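In what follows, a structure is listed as structure tokens, so that the remarks can point back to it.
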Amino acid sequence: MCINLMPDRVDLSHVIAHGRARPEVRLCDSYRKEGGDVATLTRLRRELDLNRYRCTTLLPAGAYQMLQVEAPSVPAAEMKTAVRWRLKDLIDFPVEAAAVDAINIPSGDNAATRNRQMLAVAARNELIAATMQPFNDADIPLDVIDIPELAQRNIAHFFEAPGRGLALLAFDEHGGLLTFTCDGELYHHRRIELPVARLADKAEEQRRQLYDRVVLELQRSLDHFDRQFKNVAVSKVIVTPVSGGDDMQEYLAANLGVPVKMLDLSQVMDFPRIPELRELARQTLCLRVIGAAMREEAAA
Numbered sequence: 001m002c003i004n005l006m007p008d009r010v011d012l013s014h015v016i017a018h019g020r021a022r023p024e025v026r027l028c029d030s031y032r033k034e035g036g037d038v039a040t041l042t043r044l045r046r047e048l049d050l051n052r053y054r055c056t057t058l059l060p061a062g063a064y065q066m067l068q069v070e071a072p073s074v075p076a077a078e079m080k081t082a083v084r085w086r087l088k089d090l091i092d093f094p095v096e097a098a099a100v101d102a103i104n105i106p107s108g109d110n111a112a113t114r115n116r117q118m119l120a121v122a123a124r125n126e127l128i129a130a131t132m133q134p135f136n137d138a139d140i141p142l143d144v145i146d147i148p149e150l151a152q153r154n155i156a157h158f159f160e161a162p163g164r165g166l167a168l169l170a171f172d173e174h175g176g177l178l179t180f181t182c183d184g185e186l187y188h189h190r191r192i193e194l195p196v197a198r199l200a201d202k203a204e205e206q207r208r209q210l211y212d213r214v215v216l217e218l219q220r221s222l223d224h225f226d227r228q229f230k231n232v233a234v235s236k237v238i239v240t241p242v243s244g245g246d247d248m249q250e251y252l253a254a255n256l257g258v259p260v261k262m263l264d265l266s267q268v269m270d271f272p273r274i275p276e277l278r279e280l281a282r283q284t285l286c287l288r289v290i291g292a293a294m295r296e297e298a299a300a
């Protein structure tokens, strides 16, 4: 169960995914906060019997740093400590005050990457403690604190063609998160800071200017990915819908050298009890909380 605290609400999602060709979303709902974080979480724990679940939550963008580093040549038991010191001069706060974790980037037969690479994540210990505090006070134990890039990877996996790369660009009110995945592994990510949330208020010429910026950012990212991971060919780009940007998918498809599709979760998963998820806008809003609920420890 992913439980995500938002400024005015709590988003929850429960997904049955393990061993299924098509995951089933059993719960995906938003609950208005009443009386603060702890009071709301306590109420939801009782109403939804949350103690039955392994619970996770997501760090928001800006609460952590994610960097590509060379994998240290040390035993697995020493890897996290070694990665911590690799980050010492790369993050903007003391590494001694950081919570650190990392995942491997598959290398395959990629000659352009001679040394094994990792994606390392660092967040301030005080921020991790603050994230856990309301859950602890509400008596909801957290198994995992996850990040949006990995939640998005979990979704992207079900749209991939075997052995082919997939670029997924998901928008929210802050901009876009672009991930590159292949065979369920995260290879590359970047944030695209574009005010797409206000597309509905833009005149046609202004919308086209924003679309051109999205095309430019995507093309640069695709070129970078192709240079760095020559053994992984990107087969398509998937984008989430944006309010007021009904023609964005067509515009991107006409200006990029790869197929561009609109994301529709109904193509890869089932949600028979949640009819509102048939709406693409609702899927976009819930994308990362659903993805975080699909976490599997074997692939974490």
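Throughout the sequence shown, residue numbering follows the numbering used here, covering 1 to 300 in sequence.
C-beta atoms are modelled at their ideal positions from N, C-alpha and C, and glycine is treated no differently.
As the structure is a computational prediction, the values presented were derived from the model and not from experiment.
Span of the alpha helix (DSSP H) around Met248
Taking the first residue of the sequence shown as position 1, residue 248 is located at position 248. First-last of the alpha helix (DSSP H) with Met248: Met248 to Asn255.
Three-state secondary structure (DSSP) of Tyr53:
For this step, residue 53 is matched to residue 53 along the sequence shown. Correct three-state label for Tyr53: coil.
Whose CA, out of Ala120, Leu27 and Asp139, lies closest to the CA of Arg46?
As a position in the sequence shown, residue 46 is number 46, starting the count at 1. The shortest Cα separation from Arg46 among Ala120, Leu27 and Asp139 belongs to Asp139.
In three-state terms, what does DSSP make of Asn115?
For the purposes of this step, residue 115 is taken as the residue at position 115 of the sequence shown. The answer is coil: DSSP assigns Asn115 none of H, G, I, E or B.
On a Cα-Cα basis, can you pick out the residue from Glu193, Val69 and Asp226 that is closest to Tyr211?
Taking the sequence shown and counting its residues from 1, the one referred to as residue 211 is at position 211. When only C-alpha atoms are compared, the closest one is Glu193.
DSSP puts Thr181 in a beta bridge; with which residues?
Your numbering for residue 181 matches position 181 in the sequence shown. According to DSSP, Thr181 bridges with Leu166 and Leu186.
Mind checking who Lys236 pairs with in its DSSP beta bridge?
Reading the sequence shown from its first residue, position 236 is the one you call residue 236. DSSP lists Leu166 as partners of Lys236.
Pull up the DSSP beta-bridge partners for Asn4, would you.
In the sequence shown, residue 4 corresponds to position 4, counting from 1. Partner(s): Asp11.
Which residue's Cα is closest to the Cα of Cys2: Arg20, Asp29 and Gln219?
Here residue 2 corresponds to residue number 2 of the sequence shown, with the count starting at 1. The residue with the shortest Cα to Cα distance from Cys2 is Asp29.
Determine, using beta carbons only, whether Met118 and Ala71 come nearer to each other than 9 Å.
In the sequence shown, residue 118 corresponds to position 118, counting from 1. In the sequence shown, residue 71 corresponds to position 71, counting from 1. Yes, they are a contact pair.
Do Leu240 and Leu186 have their C-beta atoms closer together than 9 Å?
The residue labelled residue 240 in the question sits at position 240 within the sequence shown. The residue labelled residue 186 in the question sits at position 186 within the sequence shown. First, the residue type needs correcting, since residue 240 is Thr and not Leu in the sequence shown. Not a contact, by the Cβ cut-off of 9 Å.
Check whether the segment 59-68 and the segment 121-131 touch, using three or more Cβ-Cβ pairs below 8 Å as the test.
yes
From Glu160, Ala292, Arg278 and Arg52, pick the residue whose C-alpha is nearest to that of Pro141; which is it?
As a working note, residue 141 is residue 141 in the sequence shown. Nearest of Glu160, Ala292, Arg278 and Arg52 to Pro141, Cα basis: Arg52.
Can you tell me whether DSSP reads Phe171 as helix, strand or coil?
Here the question's residue 171 lines up with position 171 in the sequence shown. Three-state result, Phe171: strand.
Less than 9 Å between the beta carbons of Ala123 and Ala102, yes or no?
Residue numbering aside, residue 123 sits at position 123 when the sequence shown is read from its first letter. Residue numbering aside, residue 102 sits at position 102 when the sequence shown is read from its first letter. No, they are not a contact pair.
Which residue marks the beginning of the beta strand (DSSP E) containing Arg26, and which one marks its end?
On the sequence shown, position 26 is the one that residue 26 refers to. Glu24 to Arg32 is the span of the beta strand (DSSP E), which, as asked, contains Arg26.
Asp37 by DSSP, collapsed to three states: which one?
Here the question's residue 37 lines up with position 37 in the sequence shown. Residue state, collapsed to three classes: helix.
Distance between Leu67 and Glu24 (C-alpha atoms, nearest Å)
To locate residue 24, count along the sequence shown from 1; it is residue 24. To locate residue 67, count along the sequence shown from 1; it is residue 67. Each residue's alpha carbon lies about 33 Å from the other.
Below 8 Å on the Cβ atoms is my contact criterion, and I expect Ile155 with Ile290 to pass it. Report the Cβ-Cβ distance as a whole number of Å.
Looking up residue 155 in the sequence shown gives position 155. Looking up residue 290 in the sequence shown gives position 290. Yes, Ile155 and Ile290 are in contact; Cβ-Cβ is about 7 Å, under 8 Å.
Segment contact, 8 Å Cβ cut-off, at least three pairs: the segment 155-175 with the segment 219-235:
yes
If you reduce the DSSP assignment to three classes, tell me which class Gly19 lands in.
Within the sequence shown, residue 19 is the residue found at index 19, counting from 1. Residue state, collapsed to three classes: coil.
Rounding to the nearest angstrom, what Cα-Cα distance links Glu296 and Leu277 in this structure?
Within the sequence shown, numbered from 1, the residue matching residue 296 stands at position 296. Within the sequence shown, numbered from 1, the residue matching residue 277 stands at position 277. Those two C-alpha atoms are separated by around 22 Å.
Contact under 9 Å by Cβ, Leu44 with Val10:
Taking the sequence shown and counting its residues from 1, the one referred to as residue 44 is at position 44. Taking the sequence shown and counting its residues from 1, the one referred to as residue 10 is at position 10. Cβ distance < 9 Å, so Leu44 and Val10 count as in contact.
Every unbroken alpha helix (DSSP H) within the segment 70-149, with a cutoff of 4 residues, ordered by chain
79-86 and 125-137
Pop quiz: Val242 and Leu256 are said to be a contact at Cβ under 8 Å. What is the actual Cβ separation, rounded to whole angstroms?
Position 242 of the sequence shown, counted from the first residue, corresponds to residue 242. Position 256 of the sequence shown, counted from the first residue, corresponds to residue 256. About 16 Å; that fails the 8 Å criterion.
In terms of alpha-carbon separation, which member of Arg26, Phe180 and His174 lies closest to Ala161?
Your numbering for residue 161 matches position 161 in the sequence shown. Of the listed residues, the one whose Cα sits closest to Ala161 is Phe180.
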